[in-house]
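S.K.:
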């Protein structure tokens, strides 16, 4: 058995049954093994950031790691930005990078690079498999690392000779270590603060933002009168009817500080300390008020739902109903604004849809409107590396299909500037006939940056405008999508957009709407 | 003066007058400084691999470093693959990466990453500027490093507070150290081998492949009867009428070994030892025969032309005329083949055109045909990280314009699979109205990989075909280019292609031909 064959068998045994791939010369034996050993579904991306972003989306929906297949250091490098986002989402990925043969590597052939060095910054675990005999056991450890709670990136570097040589041994699945144990002192302390103080905020992160965590948070809120909100970015936020109406900490610093100011105590339930996305002159790095005390209930690596349950028990908090989210917005009409768009999405959203949100400047308004919409998953940009949305939607749709939920509609809300980073994902959506409706907010500029530039206090002259404006030439998104096999149309009003959206929901295929904003 | 302002002044003083950019929030003060301080022309790329590939192309034509402007670790990561190619081309780049404020970085905000770690693998020099007062002097060192012979990547990481704080001091230009001195023993040894032995190959690399190096190599060839060829990949190869007809070592191992087999001695003039691009089972890593002796005349970092001159002197080799390259091929007609395409290019090539070659599987045939074409520069993929061609063409055209040679036509020969990696470059070509004619070889597959897969000895089943075929859906390159503002048309015959090409040469604008092969 070749090393490559032992790898495929180990993946299948370990439950890794999807591989997002962009292979190269050094991976041909692995491709051959994937070809003749059944059990792993392979999906091609035309650039590696599509591959890694899709693997992230797959995990966020399935909570199971997929494999990737990348080609040498530069292929890995192309996928690092979305691995960065996946790391911030705490997604598990078995990140497989083919590389030069062990004995060829010292000769520094042109495509040789520091593959391990580049992998480290995004990976919880990195190993280069030095011979065929070890491929299976190394892969088993990689799967274990990827599955380690709540999910990690494990990079397995596979030199071509480890792949093609005989001597492969299938790796037996390894048991996954349990999450870091809860600290009873932290539970007691959080209960004491919540019981004694009146100005307490419970800040949810990680799986605290899934349905079960929200239910428990509601009991705590009802019993103690604390306020419950969530961190800004999270791998997966379950929202809509029947879920707790929860505000997120806003992205802009001033709004975030205003929201957190009243609270003398913040209990962190899987959330990190509320740090600003960037520093600004004469503004603090953190968004909570000076003097506010932070109390860790559970760290992101711990079992957050279990921590919330322990807190409920400690407080003897009785069950409490989730309050009604109010009426779902009516379908609006007329001009396109962030508000009318949000209301439209809310009105039209199918049950159990998946919203992928890389709307950047256009989308900051639509959290509240969709609270009363049909239940849905919300997958935002977690790490701030733009170009996440289209690949994430691709992987989320594949993930839903893998779970037998192939009818879940994915709605991909995408800023145009960020969308251009990974536009190649549309082709994979077409090839795989994925039920994704992409809405491009075509403002033809880096809208968020124009806002940031304004904060610098300078008027934009021609050079600055030239670096922040995308209007010369205007990108024709309908033509662009069509060229990659995705049907598309333009909308200048909410009415047209709503019509297109409804039509798109009827197809088992992607569709793109260029929203002229 | 803010740190950002001192940076722009230092760049201008140091002769860095072009900046390829994709800025983000943390770079807004730098953008503002570029906006109000004249002297640096800024060119926007829609993804960072466009930016870095263009900076590479700019250097290859101008032999002057441009600056880049990238956003944080993930923005750098997106541009690493073309920095890898630039490093292999030995291009000088002042690679500027904005990043989190020094005091904000420890808090690990979502976009925080190991920027320095990622930079190291491609950079000869890396520094993070820790305060505004040091921006100018650090930038001066970065420029010095980028200009160090033959060209290096110098990465300057610019935290946002170093950029926005007052206290900036303009850095005075630093003198660039001379290339590593030649070794008289190596010159004498090469002369001795060339004088005594009959089976000697002179292998040119680096600037040995420019006009002056070729002239001297010709004298040595005429005086000693050695054979002169070049390494496979090189930043810039001056070719065509009046230049020495030189074969390159072929990419495929068998052909490379066959070419090198007869030679007992190889004199390396700026070339590296002939290592295979990849290892293959039961094939040697190096392409020269066992027992062949390698003799270094000059390393790539040394002054190769000076070394060839010293060798000429040592040999007392008299001037010898460059032999005539033979007649230029006639314009062919009919079906598109690698050979007919090559002949067409040769027949139509304008004087001093720039050919950017990422044609991969389609292009391996056309070296000989273009030998007798008009004099031109040939810029190939150097590091094997695909997705180089379209950005490289963009930067080469900007570079020619910067040298007052804005009428030089760039012909960008591009495989479709690789072209999809960095297709966003077409938009920059349209925006800058660059005289680039792109020819896409639309075979709708990873042709080179299908060849490699064949070598594995397996028949491709559905899974393998699915990972190597791009035909489902077929990408419509005419529509794709048009959507990004580049006029385009299809050609199914050489005649139509030739017509389109001639028409394109008349415009100060990009044009794309989708060649259906």
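Protein chains in written order, with my numbering: chain A, 3 to 519; chain B, 3 to 519.
Quick reminder that beta carbons are idealized off the backbone N, C-alpha and C, glycines included.
If you compare alpha carbons, which of A:302, A:105, A:63 and A:278 is closest to residue 238 (chain A)?
M.R.: Sequence index remark: in the first chain, residue 238 (chain A) carries index 236 (1-based). Closest by alpha carbon: A:63.
S.K.: Just by C-beta distance, which residues in the stretch 29-49 of chain B are closer than 7 Å to chain A?
M.R.: For the stretch 29-49 of chain B, which is checked against every Cβ of chain A, the residues closer than 7 Å are 30, 31, 33, 34, 36, 37, 38, 44, 46, 48 and 49.
S.K.: DSSP puts residue 127 (chain B) in a beta bridge; with which residues?
M.R.: Reading the second chain from its first residue, position 125 is the one you call residue 127 (chain B). According to DSSP, residue 127 (chain B) bridges with B:156.
S.K.: Quick one: what's residue 479 (chain B) bridged to in DSSP?
M.R.: Residue 479 (chain B) sits at position 477 when you count from the first residue of the second chain. In the DSSP output, where bridge partners are listed per residue, residue 479 (chain B) has none listed.
S.K.: Check whether the Cβ atoms of residue 45 (chain B) and residue 426 (chain B) sit closer than 9 Å, and answer yes or no.
M.R.: The sequence position of residue 45 (chain B) within the second chain is 43, counting from 1. The sequence position of residue 426 (chain B) within the second chain is 424, counting from 1. No, the Cβ-Cβ distance between residue 45 (chain B) and residue 426 (chain B) is not below 9 Å.
S.K.: Helix, strand or coil, according to DSSP, for residue 65 (chain A) in the structure here?
M.R.: For the purposes of this step, residue 65 (chain A) is taken as the residue at position 63 of the first chain. Looking at residue 65 (chain A) - three-state DSSP - the assignment turns out to be coil, as it is neither helix nor strand.
S.K.: Measuring CB to CB, does residue 464 (chain B) end up less than 9 Å from residue 509 (chain B)?
M.R.: As a working mapping, residue 464 (chain B) is identified with position 462 in the second chain. As a working mapping, residue 509 (chain B) is identified with position 507 in the second chain. Not a contact, by the Cβ cut-off of 9 Å.
S.K.: Whose Cβ in chain A lies nearer than 9 Å to the Cβ of residue 477 (chain B)?
M.R.: Looking up residue 477 (chain B) in the second chain gives position 475. 48, 429, 485, 486 and 487, listed in chain order.
S.K.: Leaving out five residues before and five after residue 522 (chain A) in sequence, what residues of the same chain have Cβ atoms less than 7 Å from its Cβ?
M.R.: The question about residue 522 (chain A) has no answer, for chain A in this structure spans 3 to 519.
S.K.: Could you check the C-alpha separation between residue 362 (chain B) and residue 450 (chain B) for me, to the nearest Å?
M.R.: Stepping through the second chain from its first residue, residue 362 (chain B) is reached at position 360. Stepping through the second chain from its first residue, residue 450 (chain B) is reached at position 448. Whole-angstrom Cα-Cα distance: 7 Å.
S.K.: If I measure Cβ to Cβ from residue 490 (chain A) and keep anything under 6 Å in the same chain, skipping five residues before and after, which residues do I get?
M.R.: Within the first chain, numbered from 1, the residue matching residue 490 (chain A) stands at position 488. Correct list, in chain order: 480, 483, 484 and 514.
S.K.: Tell me whether the stretch 261-271 of chain A and the stretch 394-414 of chain A touch, counting them as touching only if at least three CB pairs, one residue from each stretch, are closer than 8 Å.
M.R.: The stretch 261-271 of chain A, when compared against the stretch 394-414 of chain A, does not touch it at the 8 Å Cβ threshold.
S.K.: By the three-class DSSP mapping on this structure, what secondary structure does residue 450 (chain A) have?
M.R.: By 1-based counting over the first chain, the position of residue 450 (chain A) is 448. DSSP places residue 450 (chain A) in helix when its eight states are reduced to three.
S.K.: Could you say which of B:111, B:225, B:101 and B:243 lies nearest to residue 377 (chain B) if we only look at CA atoms?
M.R.: The count along the second chain starts at 1 and reaches residue 377 (chain B) at position 375. Taking only the C-alpha atoms, the option nearest residue 377 (chain B) is B:243.
S.K.: Taking Cβ positions, are residue 424 (chain A) and residue 386 (chain A) nearer each other than 9 Å?
M.R.: Along the first chain, one-based indexing puts residue 424 (chain A) at 422. Along the first chain, one-based indexing puts residue 386 (chain A) at 384. Their beta carbons are not under 9 Å apart, which means residue 424 (chain A) does not touch residue 386 (chain A) by this criterion.
S.K.: Using the Cβ count rule (16 or more neighbours within 10 Å means buried), how would you classify residue 393 (chain A)?
M.R.: As a working note, residue 393 (chain A) is residue 391 in the first chain. It is buried - the Cβ of residue 393 (chain A) has at least 16 other Cβ atoms within 10 Å.
S.K.: From residue 512 (chain B) to residue 506 (chain B), what does the alpha carbon distance come to, in whole angstroms?
M.R.: For this step, residue 512 (chain B) is matched to residue 510 along the second chain. For this step, residue 506 (chain B) is matched to residue 504 along the second chain. Distance between the alpha carbons of residue 512 (chain B) and residue 506 (chain B): 8 Å.
S.K.: Beta-carbon within less than 8 Å of residue 336 (chain A)'s beta-carbon, same chain only, minus the 5 sequence neighbours each way: which residues are those?
M.R.: The residue given as residue 336 (chain A) occupies position 334 in the first chain. The answer, listed in chain order, is 342, 495, 496 and 497.
S.K.: Spell out whether any CB of chain A is found under 9 Å from the CB atom of residue 74 (chain B).
M.R.: Along the second chain, one-based indexing puts residue 74 (chain B) at 72. Yes, contact with chain A.
S.K.: Could you work out which residue in B:283, B:232 and B:262 is closest to residue 369 (chain B) when comparing CA atoms only?
M.R.: On the second chain, residue 369 (chain B) is found 367 positions in, with the first residue counted as 1. Ranking the options by Cα distance to residue 369 (chain B), first place goes to B:232.
S.K.: I want to know whether the stretch 162-173 of chain B touches the stretch 3-17 of chain B - three or more CB-CB distances under 8 Å.
M.R.: They touch, by the three-pair rule.
S.K.: To the nearest angstrom, how far is the alpha carbon of residue 486 (chain B) from that of residue 248 (chain B)?
M.R.: Counting from one through the second chain, the residue named residue 486 (chain B) turns up at place 484. Counting from one through the second chain, the residue named residue 248 (chain B) turns up at place 246. C-alpha separation (whole angstroms): 38 Å.
S.K.: For residue 17 (chain B), does the count of other Cβ atoms within 10 angstroms reach 16, so buried, or fall short, so exposed?
M.R.: On the second chain, position 15 is the one that residue 17 (chain B) refers to. Counting Cβ neighbours within 10 Å, residue 17 (chain B) comes out exposed, since fewer than 16 surround it.
S.K.: Name, in chain order, the residues that DSSP records as bridge partners for residue 297 (chain A).
M.R.: The count along the first chain starts at 1 and reaches residue 297 (chain A) at position 295. A:269, per the DSSP bridge assignment.
S.K.: Nearest-angstrom Cα distance between residue 445 (chain A) and residue 58 (chain A)?
M.R.: Along the first chain, read from residue 1 onward, the residue named residue 445 (chain A) stands at position 443. Along the first chain, read from residue 1 onward, the residue named residue 58 (chain A) stands at position 56. Spanning the two alpha carbons is a distance of roughly 27 Å.
S.K.: Using a C-beta to C-beta distance shorter than 7 Å, which residues of chain A count as neighbours of residue 276 (chain B)?
M.R.: Against the second chain, residue 276 (chain B) aligns to sequence position 274. By Cβ distance, chain A contributes nothing, its closest Cβ being about 10 Å from residue 276 (chain B), past 7 Å.
S.K.: Going straight from the alpha carbon of residue 501 (chain B) to that of residue 374 (chain B), what length do you get?
M.R.: For the purposes of this step, residue 501 (chain B) is identified with residue 499 of the second chain, where counting begins at 1. For the purposes of this step, residue 374 (chain B) is identified with residue 372 of the second chain, where counting begins at 1. Whole-angstrom Cα-Cα distance: 21 Å.
S.K.: Please go through the stretch 335-366 of chain B and give each complete beta strand (DSSP E) segment of 3 or more residues, from N-terminal end onward.
M.R.: The stretch 335-366 of chain B contains these whole beta strand (DSSP E) runs: 355-360.
S.K.: At a CB-CB cut-off below 7 Å, which residues of chain A make contact with residue 466 (chain B)?
M.R.: For this step, residue 466 (chain B) is matched to residue 464 along the second chain. Neighbours of residue 466 (chain B) on chain A, chain order: 33, 34 and 37.
S.K.: Might you give, ordered along the chain, the residues of its own chain that have their beta carbon closer than 8 Å to the beta carbon of residue 455 (chain B), omitting 5 neighbours on each side?
M.R.: Numbered from 1 along the second chain, position 453 holds the residue referred to as residue 455 (chain B). 462, 466 and 470, listed in sequence order.
S.K.: If we count the other Cβ atoms within 10 Å of its Cβ and call it buried at 16 or more, is residue 405 (chain B) buried or exposed?
M.R.: Within the second chain, residue 405 (chain B) is the residue found at index 403, counting from 1. Its Cβ having fewer than 16 others within 10 Å, residue 405 (chain B) is exposed.
S.K.: By the criterion of Cβ-Cβ separation under 9 Å, what are the contact partners of residue 384 (chain A) in chain B?
M.R.: Position 382 of the first chain holds residue 384 (chain A). Going along chain B in sequence order, the residues near residue 384 (chain A) (Cβ under 9 Å) are 112.
S.K.: In whole angstroms, give me the CA-to-CA distance for residue 290 (chain A) and residue 258 (chain A).
M.R.: Your numbering for residue 290 (chain A) matches position 288 in the first chain. Your numbering for residue 258 (chain A) matches position 256 in the first chain. Roughly 8 Å separates the two Cα atoms.
S.K.: Considering only the alpha carbon of each residue, which of A:476, A:99 and A:219 lies closest to residue 312 (chain A)?
M.R.: Locating residue 312 (chain A) in the first chain gives position 310, where the first residue counts as 1. Per the Cα distances, A:219.
S.K.: Strictly below 8 Å CB to CB, what residues from chain A border residue 90 (chain B)?
M.R.: As a working note, residue 90 (chain B) is residue 88 in the second chain. Those are 112, listed as they occur along chain A.
S.K.: Work out the CA separation of residue 228 (chain A) and residue 198 (chain A) for me, nearest whole Å.
M.R.: As a working mapping, residue 198 (chain A) is identified with position 196 in the first chain. As a working mapping, residue 228 (chain A) is identified with position 226 in the first chain. Rounded to whole angstroms, residue 198 (chain A) to residue 228 (chain A) spans 11 Å at the Cα level.
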